[in-house]
Each structure stands twice: as structure tokens, then as C-alpha cells.
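Heads up: the structure comes next, in C-alpha cells.
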Amino acid sequence: MARFVSAQYGRIADSHKAQGINRPTNQGPTIAILACADAATKRLCSQAVELLERDGWHVDVVTMLLLTNYLDRVVIICHSSGSTSMPKPIFIHNRTFLQIAKSPWFGEVDLCDVVVSMHTCPLFHIMGLAGIIWPVTSGMIIGVFKPSLPPVIPTPGNYIEDILATNSEVVFCVPSFIEAWFRDPKLIPALKSLRALMYAGASLNKAIGDELVTMGVKIFPIYGTTEIGVFCKLLPAKVPSPDEWEYFEISPQLAVEMLQQDGYDDIYEATVIHDCFFKPNVINSETKDGHSAFRTGDLLQRHPISTSRWKIFGRVDDQIALSTGEKTNPIPLEAILSTDPHIAGAVIFGKGKFQNGVLVEPKEDFGFDPEEQSKLAEFRMKIWPSVERMNECAPGHSRLLKEMILVASPSKPFAYTAKGTPRRGIIVDAYKEEIEGLYDVFELWSQADIPIPHSWIGDEPLKFVRSVIEGAMKTDLQDDQDIFQHGCDSLQATYIRNSIIRALRQTTKATLNNIPLGLVYRLGHDKYKELQGVVTNIIHNAWQVDFNLTLSSFEPLIAGVRNLVQFSLDSARSTPPSILFISSISVLQNQPSSPSLEDPVHNAIHAIGTGYGESKWSRRAFFCGRCTRQASTSTSCALGSCVETPFMVDGARRMQDEMISWIPVDVAASALLEMTGSGSPSFLVRRSLGPYSAMLLRICSTYRRSPGLSGSPSFKPCMQIRDWIRLR
Numbered sequence: 001m002a003r004f005v006s007a008q009y010g011r012i013a014d015s016h017k018a019q020g021i022n023r024p025t026n027q028g029p030t031i032a033i034l035a036c037a038d039a040a041t042k043r044l045c046s047q048a049v050e051l052l053e054r055d056g057w058h059v060d061v062v063t064m065l066l067l068t069n070y071l072d073r074v075v076i077i078c079h080s081s082g083s084t085s086m087p088k089p090i091f092i093h094n095r096t097f098l099q100i101a102k103s104p105w106f107g108e109v110d111l112c113d114v115v116v117s118m119h120t121c122p123l124f125h126i127m128g129l130a131g132i133i134w135p136v137t138s139g140m141i142i143g144v145f146k147p148s149l150p151p152v153i154p155t156p157g158n159y160i161e162d163i164l165a166t167n168s169e170v171v172f173c174v175p176s177f178i179e180a181w182f183r184d185p186k187l188i189p190a191l192k193s194l195r196a197l198m199y200a201g202a203s204l205n206k207a208i209g210d211e212l213v214t215m216g217v218k219i220f221p222i223y224g225t226t227e228i229g230v231f232c233k234l235l236p237a238k239v240p241s242p243d244e245w246e247y248f249e250i251s252p253q254l255a256v257e258m259l260q261q262d263g264y265d266d267i268y269e270a271t272v273i274h275d276c277f278f279k280p281n282v283i284n285s286e287t288k289d290g291h292s293a294f295r296t297g298d299l300l301q302r303h304p305i306s307t308s309r310w311k312i313f314g315r316v317d318d319q320i321a322l323s324t325g326e327k328t329n330p331i332p333l334e335a336i337l338s339t340d341p342h343i344a345g346a347v348i349f350g351k352g353k354f355q356n357g358v359l360v361e362p363k364e365d366f367g368f369d370p371e372e373q374s375k376l377a378e379f380r381m382k383i384w385p386s387v388e389r390m391n392e393c394a395p396g397h398s399r400l401l402k403e404m405i406l407v408a409s410p411s412k413p414f415a416y417t418a419k420g421t422p423r424r425g426i427i428v429d430a431y432k433e434e435i436e437g438l439y440d441v442f443e444l445w446s447q448a449d450i451p452i453p454h455s456w457i458g459d460e461p462l463k464f465v466r467s468v469i470e471g472a473m474k475t476d477l478q479d480d481q482d483i484f485q486h487g488c489d490s491l492q493a494t495y496i497r498n499s500i501i502r503a504l505r506q507t508t509k510a511t512l513n514n515i516p517l518g519l520v521y522r523l524g525h526d527k528y529k530e531l532q533g534v535v536t537n538i539i540h541n542a543w544q545v546d547f548n549l550t551l552s553s554f555e556p557l558i559a560g561v562r563n564l565v566q567f568s569l570d571s572a573r574s575t576p577p578s579i580l581f582i583s584s585i586s587v588l589q590n591q592p593s594s595p596s597l598e599d600p601v602h603n604a605i606h607a608i609g610t611g612y613g614e615s616k617w618s619r620r621a622f623f624c625g626r627c628t629r630q631a632s633t634s635t636s637c638a639l640g641s642c643v644e645t646p647f648m649v650d651g652a653r654r655m656q657d658e659m660i661s662w663i664p665v666d667v668a669a670s671a672l673l674e675m676t677g678s679g680s681p682s683f684l685v686r687r688s689l690g691p692y693s694a695m696l697l698r699i700c701s702t703y704r705r706s707p708g709l710s711g712s713p714s715f716k717p718c719m720q721i722r723d724w725i726r727l728r
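So the sequence shown is numbered by full-length UniProt numbering: it starts at 1 and just counts up by one.
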């Protein structure tokens with residue numbers, strides 16, 4: 001046996017003046033003393049040995065083993081994910097094991113005795129490495145597939161079955177499994193029963209995430225890298241509100257420096273600092289105060305209200321800078337495209353170009369040779385609805401045209417990371433020639449698709465411009481129509497401009513067949529006549545709300561009003577249908593502050609300011625003139641604000657120190673119905689107002705103090721409007 005001797009041995013004997021020491025008769029001799037090697041301890045040991053030998057005890061002094069600090073010894077070599085370049089070896093040290101081991105302690109949930117499904121976390125990846133360490137230090141139980149030979153190949157089907165079989169409360173996986181489960185409605189109850197559904201390795205499609213959290217699935221993002229381990233709190237205690245599930249908090253285990261990106265006030269590159277508590281596996285930079293650090297290259301977006309919370313925005317080297325100076329963040333756009341059942345992977349490109357393109361790899365069942373133009377056109381049509389959905393979410397400069405869709409060849413498949421994400425840099429480099437060729441073809445298409453005028457005099461230039469606009473917008477417009485009124489966006493406008501400029505610089509070339517235009521459908525003559533015989537009242541409410549447009553852009557709407565009046569005047573009924581149209585206070589936007597009577601505003605100066613108000617005045621003046629000349633009945637009603645409580649509470653209401661008088665929607669509708677057909681043939685002006693007024697801020701304060709509202713998951717504090725837009 002070994003006996004540990006300390007200074008207390010002598011002190012106890014001296015203080016009590018013991019005459020002797022009683023020892024068990026069956027105690028054998030002490031054979032060794034274990035002690036430190038410092039001078040004081042050696043002296044103490046020497047004295048203890050002398051005391052023991054006086055009593056007939058033989059003691060051998062053995063040299064203590066010296067333990068070496070092995071914290072920085074390499075124990076495992078992992079590789080980086082290779083999302084943007086070839087995988088790099090990352091040397092994992094003993095220190096890293098200890099740092100990963102402590103990660104659960106910095107979360108907010110005790111994982112001891114909790115079954116955590118880690119069935120699909122690869123052991124050659126940092127996610128799998130964590131699955132080895134965390135059970136030892138946190139007491140969690142990991143769920144895995146039953147050992148077998150050959151091993152089980154995970155699929156969404158057998159994975160969810162084993163999650164249920166192991167009674168897993170928490171699932172830790174990559175987003176591709178979640179997106180696959182989402183497509184099967186029968187699996188939603190199983191996902192809702194989980195305590196937490198954690199994903200890592202890539203971004204979860206936002207549309208799918210939004211749907212799942214709305215259904216009650218508790219989703220948590222986990223962000224980390226091979227170079228540092230886990231960056232965020234492993235698992236927060238509070239379930240985030242439905243529109244904030246993408247955000248996470250940085251782990252208190254780390255000291256970080258966030259590097260703000262040029263041109264953004266809420267986008268930062270994450271940097272982890274080497275301090276006495278934490279050391280990254282890779283050091284590649286220094287902080288402003290000289291500390292060594294690791295720059296992740298990952299861009300995080302700060303929450304506009306809770307500044308300690310962040311979400312993944314993209315990567316520094318993923319941002320695509322166009323030749324126009326505008327930037328495209330491809331990650332969320334590619335995620336939308338990847339939900340298409342025909343697409344296995346998508347990579348957006350366009351660095352240094354005028355506009356973006358996308359390289360798409362079809363799923364195995366839909367593969368084909370992209371050199372076959374008919375099959376290429378067919379595949380583009382199949383995925384076009386998904387591209388349109390992506391374009392709805394993309395900034396104007398990042399939208400894709402059908403001609404900028406490049407399809408991968410089966411002979412040159414995509415390279416994927418272990419997480420299942422395309423290796424952007426490798427793929428773009430492999431398809432460099434095809435990408436350049438696509439831009440060349442697109443430029444030729446924009447010139448040769450439309451015949452260049454043989455002469456730039458007479459009507460030929462006008463005909464050419466008409467063709468360019470029709471080709472870009474896929475619709476037939478009149479010469480005096482506003483293209484922006486008909487949906488022309490900035491990308492189409494720039495395309496029209498470039499097509500005309502290129503034509504001016506080029507000689508005439510052979511043309512391709514014109515792209516067929518869509519049909520324009522109108523109300524049939526018989527149906528029109530039928531309506532003229534049965535309609536008794538007309539309420540005109542629809543009007544485009546855009547304060548950036550000029551009066552000329554509203555001309556089609558005013559023409560529509562004229563047609564509506566003509567419809568009334570040509571009625572087969574003895575009394576033409578009355579017309580009630582909803583006006584706007586903007587017809588008085590330039591009027592002096594004196595009160596306005598319920599009379600027609602004859603002076604157009606009062607409406608000058610925005611095209612919207614001017615168009616409303618023009619419509620009102622048109623109605624007034626028609627009623628005066630042709631004895632018909634028209635009523636103009638400036639409708640006051642209807643009750644906005646649901647919108648203010650569930651959405652976002654602009655807070656101002658103003659007096660409001662809201663009208664219940666049903667009351668406003670009843671009032672409008674009473675106004676229809678009222679009075680003799682004339683032009684009447686009415687204004688509907690609520691009978692009671694109150695300060696808006698007072699109403700908002702009352703709602704915010706409501707226990708039922710403040711406890712709601714959708715409750716939001718007051719915030720700046722730009723921050724609210726970012727949250728949406």
C-alpha cells in the first residue's frame with residue numbers, strides 16, 4: 001500500500017504529547033511514500049522516514065513520476081469541410097478535446113440522461129468528434145444505428161425510424177434530412193414531439209424552417225467550424241419566436257471580435273481570439289490589440305434588437321461582386337433552388353460580370369446531355385417555377401434570367417462536401433469554360449435574337465425598340481405606355497438599354513426565330529353586354545400605391561376609370577349604375593392648412609406633389625366633369641383609416657405621436673354601401689371619419705402591457721423600421 005504523509009503527522013503528535021501511537025496489528029509495513037519533488041516536501045519526507053524507522057518501519061523513497069504537459073500534442077487530424085476550396089488538414093490537440101468537452105456546460109439545458117440522436121454525424125468530422133466527447137462530460141446518451149456489417153447507410157426514412165426507436169429527445173443532424181422529412185406530412189407529429197431539432201453544417205431552407213416552426217417544431221441552429229469547435233450556445237433554454245429561429249447566441253466560452261463589413265451596418269466576420277481559456281486549432285490573424293486569433297471567413301448578421309444574437313449570412317469569399325459594384329449573397333438563393341425536386345445542387349456565379357448565372361446539377365433521374373438544346377430548354381422550363389420563387393426573394397440585381405441557367409454535364413459531376421453542400425470554388429473552376437461560353441452566348445442572343453435595323457432612319461429604329469422591349473418583358477405594349485407601370489424592373493431595363501447599345505455598335509447578323517409572345521385575354525363582348533344589363537352600382541377602390549411614380553405612369557389606371565364610366569353610361573338600364581370611388585387625402589397634399597369642405601377640389605395646384613395624389617385628383621376631376629355633363633351619379637369618398645389593431649399587434653405599425661380615429665372595417669363597409677346610389681344625379685364628396693380619437697402611442701402602450709399579448713411568442717418590442725424589415 002502507499003501512505004500519503006504531510007506536515008500534520010508531526011504537528012498532531014507534538015500538540016497532544018502522545019506517549020505512543022497505536023497501530024492496527026494487521027497493518028503491513030509501509031513500502032513507499034508518494035510526494036512531490038520540491039525541496040520543502042523532500043525535507044518533510046526525510047523527517048518522516050526517520051520517525052518511521054525509529055519505530056521499526058522500513059521505507060523506500062521512490063522518485064515521483066513527472067507528468068509532462070501534453071495539451072498541445074496532436075491527437076487527431078481532421079479536415080476542413082472544403083465548402084469553398086479543397087479540404088485542408090486541421091490538427092486537433094488534447095487542448096481541443098477539453099474545449100469541446102466543456103461546450104455543453106456553456107449551454108442552458110442540462111443534457112445529462114437525455115438521448116441525443118447523432119446517427120448521421122460522421123466520425124471524420126468535428127460533429128462526429130463531439131459525439132464521442134460530449135457523453136463523457138455531460139452525461140448525455142447518444143443515439144446511433146445498431147452496429148452491423150456492412151454499416152447502415154442513413155436515409156431520411158430509416159433515420160426517423162431509429163430516432164423514434166431510440167426515444168431520442170434531441171436530434172443533431174444536417175439540414176438535408178430536415179428538408180426531406182418536411183416533404184412527408186406524416187412525419188410532422190414526430191418532429192413536433194422532439195425537445196429540440198438541432199441542425200449544423202449548412203443553412204436550413206428558410207421557407208421550410210418557417211413552415212416547421214409555425215407547425216410547432218422546435219428548431220435550433222448550431223454553428224461551428226473544425227478550426228474552433230462550437231461557436232454558439234449548444235442549446236438555449238428558451239424556444240425562439242417563429243420568425244427568429246435562425247438566430248443564436250455566441251458561447252460564453254469564446255472571446256470574439258466581430259469585424260464589420262464595408263457597405264453593411266449589421267454584417268460582421270466572426271473572429272475567435274486566443275486567450276487563457278480558449279485556443280483555436282488554427283491561428284491566421286491578429287486582433288487590433290495584438291492578440292492572435294482565427295478569422296473564420298464566415299459572415300454573421302446581427303439581430304436588429306437583441307444585439308447579442310446572430311444568424312449566418314454567408315461567407316466572405318462567397319459574396320459575388322458584379323461589375324456594377326453590387327453584391328450577391330448566393331447561399332440563401334441556392335437554398336431555394338435546391339428545394340426543387342429536379343435539382344441536386346446549384347451554384348450561382350457572376351463575379352466581375354454584369355449579372356448572375358446559375359450552374360445546376362440535375363438529380364440522377366433527370367440527368368441529360370446539356371448539349372442537346374431541346375432537352376436543355378425542357379429542363380429549364382421544369383425548374384423555372386423554382387427560379388421565379390428565388391427571384392421573388394432576390395434583390396433586383398441578383399435575379400436570374402432563363403438564358404443564364406447552365407446545366408451540369410453527367411460526365412462532370414459536382415464535388416460535394418461531407419455535409420452535402422457543393423464545393424463552390426472547385427465547381428466554378430471546373431466549369432470555367434462553360435460559364436464564359438454562356439456569357440458569350442447570352443450576349444449573342446441579346447443581339448441576334450432581334451433583327452437589327454437595316455437603316456437607322458424612318459420607322460425602323462422604332463420597330464426595333466418595340467421588339468427589344470417585347471423580348472425583354474414578354475408582353476406587347478403600346479408606344480405611349482409606361483414600361484414600369486407594366487412591371488419592368490431594373491434588370492430588364494438595363495437589358496433593354498444594353499441591347500439597343502449593342503445593336504448600334506454591331507452590323508446586321510443572321511437572326512433566330514422570334515420567341516412567341518403570350519396571349520392577352522379580355523372580357524368577351526357578350527359577357528360585357530350582359531353585365532351592362534344587371535349592374536346597378538359600381539364601387540371603384542383599386543389603385544396602385546407607389547409614391548415614386550409620376551402622373552404619366554398612372555395614365556392606364558385613369559383610362560380604366562374612363563372605361564368604367566363609359567360602361568355605366570352605356571348601361572341598358574333606365575338609370576345608369578351609380579359610381580362610388582374611394583379617393584385619398586393626397587388630393588389635398590399641397591393645399592394650405594385651412595379646413596377642407598366636402599366639395600370637389602377644382603384647383604389642380606392643391607394635388608401637386610406626387611404622381612399618386614395627382615392621379616387621384618385627375619380621377620376625381622374626370623368623374624365630376626362627367627356627372628355635370630351627362631346627369632349621372634358619382635360619389636367620391638375619402639375613407640378614413642380602418643381599425644388596424646390586428647395589423648399593429650401581429651405585424652408592425654409605425655409609431656408616431658399622432659391622434660388617430662380608426663373605423664371598424666364592417667362599419668366602413670356599411671357606410672360605403674349606404675353611399676352608393678344616394679342622392680339625385682350629381683357628384684357628391686364624402687369623408688368617413690371615426691367618431692372617437694386617441695393618441696396612437698397611448699394605444700400602443702396599453703397593448704404592450706397586456707399580459708396576453710406580451711406573453712405571446714409573436715410579441716415584438718418597438719424598433720426602427722429598417723430593423724423590422726431585416727427581421728422579415
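We treat Cβ as the ideally placed atom computed from N, Cα and C, and that holds for glycine.
- Message: Give me the residue from K186, I435, G216 and P185 with the minimum Cα distance to L197.
- Response: G216
- Message: Comparing C-alpha positions only, which one of H93, A671, Q47 and L44 sits nearest to E227?
- Response: H93
- Message: For S117, list the residues DSSP reports as bridge partners.
- Response: Answer is G143 and V171.
- Just reading off the beta strand (DSSP E) that Q260 is part of, what are its end residues? V256 to Q260
- Task: Consult DSSP for I457 and reduce its assignment to one of helix, strand or coil.
- Result: Secondary structure of I457 (DSSP, three-state): coil.
- What residues match up with I210 in a beta bridge as DSSP calls it? The question names Ile, yet the displayed sequence has Asp at residue 210. Partner(s): none; D210 has no beta bridge.
- Is the CB-CB distance between A200 and I222 below 8 Å? yes
- What separation, rounded to the nearest whole angstrom, lies between the Cα atoms of I500 and F349? Rounded to the nearest angstrom, the gap between the Cα atoms of I500 and F349 is 25 Å.
- Query: Over what stretch of residues does the alpha helix (DSSP H) that includes L477 continue unbroken?
  - Reply: Taken as a continuous stretch (DSSP letters only), L477 belongs to no alpha helix (DSSP H), as it is neither H nor E.
- Message: Mapping the DSSP letters down to three states, classify F581 as helix, strand or coil.
- Response: strand
- Go ahead and label I153 buried or exposed: buried means 16 or more other beta carbons lie within 10 angstroms of its beta carbon, across all protein chains shown. exposed
- Query: Looking at C-alpha atoms only, which residue of Y264, S203, F220 and K206 is the closest neighbour of L191?
  - Reply: F220
- Pairwise C-alpha distance: V360 and A408: 6 Å
- Item | Cα-Cα separation, D262 to E269 | 11 Å
- Query: In angstroms, rounded to a whole number, what distance separates the CA positions of I208 and D440?
  - Reply: 36 Å
- Query: From which residue to which residue does the beta strand (DSSP E) around F278 run?
  - Reply: Going by DSSP, F278 is part of no beta strand (DSSP E) at all; its letter is neither H nor E.
- Query: Any idea what DSSP makes of V75, helix, strand or coil?
  - Reply: strand
- Anticipated Cβ contact below 8 Å, S117 with T166, distance rounded: 7 Å
- Three-state secondary structure (DSSP) at I699? helix
- Message: I'd like to know if the segment 339-359 and the segment 385-404 are in contact, where contact means that at least 3 CB-CB pairs between them fall below 8 Å.
- Response: They touch, by the three-pair rule.
- Task: Would you check if the segment 144-163 and the segment 176-186 touch, i.e. whether three or more CB-CB distances between them fall below 8 Å?
- Result: yes
- Item | Per-residue DSSP class, three states only, for Y223 | coil
- Item | Nearest to P576 (by Cα), restricted to the options R295, I538, I558 and I457 | Taking only the C-alpha atoms, the option nearest P576 is I538.
- Compare the beta carbon distance of I133 and F97 with 8 Å and say whether it is the shorter of the two. Taking a C-beta distance under 8 Å as the contact criterion, I133 and F97 qualify as a contact pair.
- Query: Unbroken beta strand (DSSP E) runs of length 3 or more, entirely within the segment 296-358: which are they?
  - Reply: 309-315 and 343-349
- Is DSSP giving C393 helix, strand or coil here? helix
- What's the call for Q253, buried or exposed, on a 16-neighbour Cβ count within 10 Å? Counting of Cβ neighbours within 10 angstroms places Q253 among the buried residues, the total reaching 16 or more.
- Task: Thinking D113 and G139 are a contact (beta carbons under 8 Å), I'd like their distance in whole angstroms, please.
- Result: 6 Å
- Where K218 and L194 are concerned, what is the direct C-alpha to C-alpha distance, given to the nearest angstrom? 7 Å
- Task: My understanding is that N391 touches R399, with C-beta atoms under 8 Å, so please give their C-beta distance in whole angstroms.
- Result: 4 Å
- Task: Can you give me the Cβ contacts of I426 inside the same chain, cut-off strictly under 6 Å, excluding the 5 residues immediately before and after it?
- Result: A415
- Message: Nearest by alpha-carbon distance to L129: which of D479, R43, S148 and G224 is it?
- Response: G224
- Relative to the C-alpha of T339, which residue among V213, I383, K529 and L569 is closest? I383
- Would you check whether the ligand SAM has a heavy atom nearer than 7 Å to the C-beta of R54? The ligand SAM is not among the ligands present in this structure, which contains no ligands whatsoever.
- Message: Rounded to whole angstroms, what is the Cα-Cα separation between L235 and P104?
- Response: 8 Å
- Message: Once DSSP output is grouped into helix, strand and coil, what is the label at V643?
- Response: Because the pLDDT at V643 is just 49, under 50, the model does not fix this residue reliably, and the value given afterwards should be weighed accordingly. Here V643 sits in coil by DSSP.
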